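Let me begin by presenting the structure, written as structure tokens, before commenting on it.
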Amino acid sequence: MKGLLNMDANNAQKSFLKGYDDYSADLLRHAIIKTSNEELAKDLVSETFLKTWEFVQKEKVRNMRALLYKILNNLIIDHYRSKKSFVSLEDMSESEEPADKTDLQAGLEIKLAAETAREYLALLPSDYREIFNYKFIDGLSTGEIKKLTGKTLTNIYVIIHRGTKILKEKLQHHEI
Numbered sequence: 029m030k031g032l033l034n035m036d037a038n039n040a041q042k043s044f045l046k047g048y049d050d051y052s053a054d055l056l057r058h059a060i061i062k063t064s065n066e067e068l069a070k071d072l073v074s075e076t077f078l079k080t081w082e083f084v085q086k087e088k089v090r091n092m093r094a095l096l097y098k099i100l101n102n103l104i105i106d107h108y109r110s111k112k113s114f115v116s117l118e119d120m121s122e123s124e125e126p127a128d129k130t131d132l133q134a135g136l137e138i139k140l141a142a143e144t145a146r147e148y149l150a151l152l153p154s155d156y157r158e159i160f161n162y163k164f165i166d167g168l169s170t171g172e173i174k175k176l177t178g179k180t181l182t183n184i185y186v187i188i189h190r191g192t193k194i195l196k197e198k199l200q201h202h203e204i
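Residues in the sequence shown are numbered from 29 upward in steps of one, following our numbering.
Written out as structure tokens, the structure is:
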């Protein structure tokens, strides 16, 4: 029986490490887009992996990516419920000092991508925005989006189609 427990713990550790390697950068990008604060995003992603580690010790994980995004989104919601704070871009710029030029460039690229994504997503209704964020920014599959949102696959496909149509119309009328 003890060997079986060690095997399960070993599988849990492998699953966790694979999840970290595969998804940590995507989770950080998602958190930065949601919070507009790189330091807060890093803290939330770290806490996400801590909670995930605790979870995989007890339960078998079928879809690590969906679990990670679910935990991260819950932590983001909890943060805003408890804090109810606003951080301006100027404050964020002053508080973040990159260690070197590589960090500076990577940080600027992340911020630019996040700002561009926010501008495009702001043109969509909020329920469309959530689906587009998961699909096109986070790269989640439609099945993973279904698990996260509770929407049907058909509903997700319709939202993606209609949202794409809205964005195309705005592009044609030079509103973007």
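Every residue, glycine too, gets a C-beta built ideally from N, C-alpha and C.
Computed from a predicted structure; not experimentally measured.
Along the alpha helix (DSSP H) that carries residue i, what are the first and last residues, could you check?
i: R90; result: Counting along the chain, R90 falls outside any alpha helix (DSSP H), and DSSP gives it neither H nor E.
i: G191; result: L181 to Q200
i: F160; result: S154 to F160
i: L168; result: Run containing L168: none; DSSP gives neither H nor E here.
Throw me the rounded Cβ distance for the residue i and residue j pair, which I believe falls under 8 Å.
i: A94; j: K175; result: 5 Å
i: D166; j: I187; result: Incorrect: roughly 15 Å between the Cβ atoms, too far for contact.
i: T80; j: I105; result: The Cβ separation is near 17 Å, so there is no contact.
Quick check on this structure: which residue in the options has the alpha carbon closest to the alpha carbon of residue i?
i: K179; options: A59, F83, L168 and I159; result: I159
i: K62; options: S169, K79, T144 and I184; result: T144
i: R90; options: L72, E75 and N39; result: N39
i: A141; options: L45, L55, I60 and G47; result: I60
i: L151; options: G191, T177 and Q200; result: G191
i: P153; options: L195, L132 and T177; result: L195
i: K198; options: L149, H58 and S110; result: L149
i: M92; options: H201, L55 and L181; result: L55
i: D50; options: I173, L168, L103 and L181; result: L168
Would you kindly work out how many angstroms separate the C-alpha atoms of residue i and residue j, rounded to a whole number?
i: E66; j: Y97; result: 17 Å
i: N101; j: S52; result: 14 Å
i: L136; j: R146; result: 15 Å
i: L45; j: V73; result: 14 Å
i: F83; j: E75; result: 12 Å
i: E138; j: Y108; result: The identity of residue 138 in the sequence shown is Ile, whereas the question assumes Glu. If you take the alpha carbons of I138 and Y108, they lie about 22 Å apart.
i: S64; j: K70; result: 11 Å
i: Y209; j: A134; result: Any answer about residue 209 is impossible in this case: the structure gives the chain only from 29 up to 204.
i: M120; j: L68; result: In this prediction, M120 has a pLDDT of 47, which is less than 50 and means its spatial position is unreliable; what the coordinates show is noted afterwards. Whole-angstrom Cα-Cα distance: 10 Å.
i: L78; j: K88; result: 16 Å
i: G171; j: N183; result: 12 Å
i: F164; j: Q85; result: 31 Å
i: G47; j: H189; result: 30 Å
i: K193; j: Q200; result: 11 Å
i: T177; j: R57; result: 19 Å
i: Q185; j: I173; result: The sequence given here places Tyr at residue 185; Gln does not occur at that position. Straight-line Cα distance between these residues: approximately 11 Å.
i: L110; j: L132; result: According to the sequence shown, residue 110 is Ser rather than Leu. Roughly 31 Å between the two C-alpha positions.
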